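Per my numbering, the very first residue in the sequence shown carries number 347; after that it's consecutive. Glycine is no exception: its CB is placed at the ideal position from the N, C-alpha and C atoms. The structure displayed is predicted, hence computed values, not measured ones. Structure first, then comments.
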Amino acid sequence: MDEKITPHLEELTRAFGDLEKTGIRAEFEKLLAFRVPPDVAKESILRKFGGKRKVLKVKDLSNNLKNFEITGRILDLGEKSIRPQEGPSTLYTGVLADETGSVMFSSWKELPGSVGDVINIKNAYTRIWQNRIRLSIGEQSLVSKILDSVLPPLSELSGSQTKKLIDIGAADFSVGTVACVLQLSHREVLVRGRQSRIVSGVLADETGRLSFTAWIELAGIDIGSIIRIEGAQVRMFRGMPSVNILSGTKVSSVEPEEAGKLAFTFESAGKDPVPLKIEKIDSRDSMFDVAAAGNVVSVRPGSGIISRCPECGRVVQKANCRVHGKVESVRDMRIKAVLDDGTGSMSVMFPRELAEIIYGKTLEEAEQLMFSDIFKDAVYEDLRRFLTGRYLAVRGNSSKGEYGISFVAENAWVPEDDLAVRVVELLRRLGPDEEGYGQDRDSQVSSGGVGLA
Ligand SMILES: [Zn+2]
Numbered sequence: 347m348d349e350k351i352t353p354h355l356e357e358l359t360r361a362f363g364d365l366e367k368t369g370i371r372a373e374f375e376k377l378l379a380f381r382v383p384p385d386v387a388k389e390s391i392l393r394k395f396g397g398k399r400k401v402l403k404v405k406d407l408s409n410n411l412k413n414f415e416i417t418g419r420i421l422d423l424g425e426k427s428i429r430p431q432e433g434p435s436t437l438y439t440g441v442l443a444d445e446t447g448s449v450m451f452s453s454w455k456e457l458p459g460s461v462g463d464v465i466n467i468k469n470a471y472t473r474i475w476q477n478r479i480r481l482s483i484g485e486q487s488l489v490s491k492i493l494d495s496v497l498p499p500l501s502e503l504s505g506s507q508t509k510k511l512i513d514i515g516a517a518d519f520s521v522g523t524v525a526c527v528l529q530l531s532h533r534e535v536l537v538r539g540r541q542s543r544i545v546s547g548v549l550a551d552e553t554g555r556l557s558f559t560a561w562i563e564l565a566g567i568d569i570g571s572i573i574r575i576e577g578a579q580v581r582m583f584r585g586m587p588s589v590n591i592l593s594g595t596k597v598s599s600v601e602p603e604e605a606g607k608l609a610f611t612f613e614s615a616g617k618d619p620v621p622l623k624i625e626k627i628d629s630r631d632s633m634f635d636v637a638a639a640g641n642v643v644s645v646r647p648g649s650g651i652i653s654r655c656p657e658c659g660r661v662v663q664k665a666n667c668r669v670h671g672k673v674e675s676v677r678d679m680r681i682k683a684v685l686d687d688g689t690g691s692m693s694v695m696f697p698r699e700l701a702e703i704i705y706g707k708t709l710e711e712a713e714q715l716m717f718s719d720i721f722k723d724a725v726y727e728d729l730r731r732f733l734t735g736r737y738l739a740v741r742g743n744s745s746k747g748e749y750g751i752s753f754v755a756e757n758a759w760v761p762e763d764d765l766a767v768r769v770v771e772l773l774r775r776l777g778p779d780e781e782g783y784g785q786d787r788d789s790q791v792s793s794g795g796v797g798l799a
């Protein structure tokens, strides 16, 4: 082998595995044939096919991921012709599974394997399609069939895996769980022109909560029921994964004897969530119905009194809606504040009912201030003065986006009872002697340079 290209081939092998199988060798040869210097060819391939490899499992998949590697067993595979008017093109779709879950995929390339085979995909990406996360294999992805023994057998991977609620991921194709029904409500919706009754609510176990929607009748199931769900799908709803119970899903009541052995009861699962560290919230793509507490480090612009379109609820400027044109806008109040607990920070959105509580002024009172003050941003400035530095607890849903966590509060309060604990913790941090803080309180506080009123 040519001495000039050997080190580059070695490096590519380290990055991609078998060069023949993945087609990387052919790509490399092609570039050399165009008289591209070997080192430039290598760099170009690393860039194109993703040199920095991120290896993910099905449970790690969320929306809009790019350039990662994943290995799974093909559970299902089909093909269909797409856009025949632009020349024949085939889309391969199916289900891929590993020991953490199963996900739907689509591929523009013919796969080097069929149902039951294990494939490795490099430079894969994800997309949302019909509210579900899809693993996508594109032109730039590399797919190779690999050793069968790296994953559990087909019989074990097919069928829905039973998971705790916290482990149910946004990508899960088919899941099962045992959980308690915490909330339940019925509503009528129009599905393809037909009036249908759907059930929605909240499931809980000892690890967390998740919303669910049932498109079928749930006979004999009510708030407090402990149920086993098999073969449910996960769909995205308002940026959160939600369990979907469809005609193919099996739902049954758990017998009292078995329910007694579970790690949760209706009472324990229904308790208010214990505040989590923001760092923990930040470690997940989204969390449903969780609590956190921290100090308001800033109040973001756009907080205060806003005007909304009466038709669509969009925020409008000068009574002009982007969609509905000139409208009779309705006033609303909201607060967007950054909460920090020392482990991380998150942007929290407080809708009007909560904004009024934490600000201590009603919308009407804030309007009074707006009209009586010559400064345009009087309410925003007042909010900043009032809220910055305050300690608040919030409960709601979090989702992670490009700019960090955004948290929509559904409840907010000032954790009064926590104050004493925090003062003790602060004193402990300031003083070297844990035992002595009680007696030497004054001296320690002064030596730490912090005065507590
Ligand atoms: Zn509008």
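Could you have a look at P697 and say whether DSSP puts it in helix, strand or coil?
coil
So does R584 have its beta carbon nearer than 8 Å to some heavy atom of ligand 1?
no
Within the present structure, is the beta-carbon of E657 separated from the nearest heavy atom of ligand 1 by less than 8 Å?
yes
Using C-beta distances below 8 Å, list every residue in its chain close to D618, excluding the 5 sequence neighbours before and after it, in chain order.
Its chain contains A637, R741 as the residues whose beta carbon lies nearer than 8 Å to that of D618, once the 5 sequence neighbours on both sides are disregarded; these appear in chain order.
May I ask which residues mark the beginning and end of the alpha helix (DSSP H) holding Q714?
709 to 718 is the extent of the alpha helix (DSSP H) around Q714.
Contact under 9 Å by Cβ, V580 with L564:
no
Name, in chain order, the residues that DSSP records as bridge partners for E534.
R543
DSSP-derived helix/strand/coil call for Y749:
Assignment of Y749 by DSSP, reduced to helix, strand and coil, places it in the coil class.
If you run the structure through DSSP and keep just helix, strand and coil, what is E727?
Helix.
Rounded to whole angstroms, how far is the Cβ of S452 from the Cβ of R478, which I believe are closer than 8 Å?
Between the beta-carbon of S452 and that of R478 there is about 11 Å, and that puts the pair past the 8 Å contact cut.
Member of K405, P458, V401 whose CA lies at the smallest distance from the CA of I420
P458
Cβ of V669 within 8 Å of any heavy atom in ligand 1?
yes
Have a look at T352 and F414 and give me their C-alpha separation to the nearest angstrom.
26 Å
Look at the Cβ atom of A516, then the Cβ atom of S593, and state whether they are nearer than 9 Å.
no
According to the Cβ coordinates, are Y737 and P761 closer than 9 Å?
Cβ atoms of Y737 and P761: closer than 9 Å.
Alpha-carbon spacing of I512 relative to E349, whole angstroms
Looking at the two C-alpha atoms, the distance is approximately 52 Å.
I think V464 touches V496, with their Cβ atoms under 8 Å apart; what is that distance to the nearest whole Å?
About 6 Å; that satisfies the 8 Å criterion.
So, helix, strand or coil for K426, using DSSP?
strand
Using only the heavy atoms of ligand 1, determine whether one of them is closer than 8 Å to the beta carbon of V489.
no
Looking at the unbroken beta strand (DSSP E) that takes in V386, where does it start and where does it end?
V386 -> not in any beta strand (DSSP E); alpha helix (DSSP H) instead, spanning 384 to 395.
Between M695, E366, L493, K468, which has its C-alpha nearest L402's C-alpha?
For the residues M695, E366, L493, K468, the minimum Cα distance to L402 belongs to K468.
Does the beta-carbon distance from A361 to L392 come in below 9 Å?
yes
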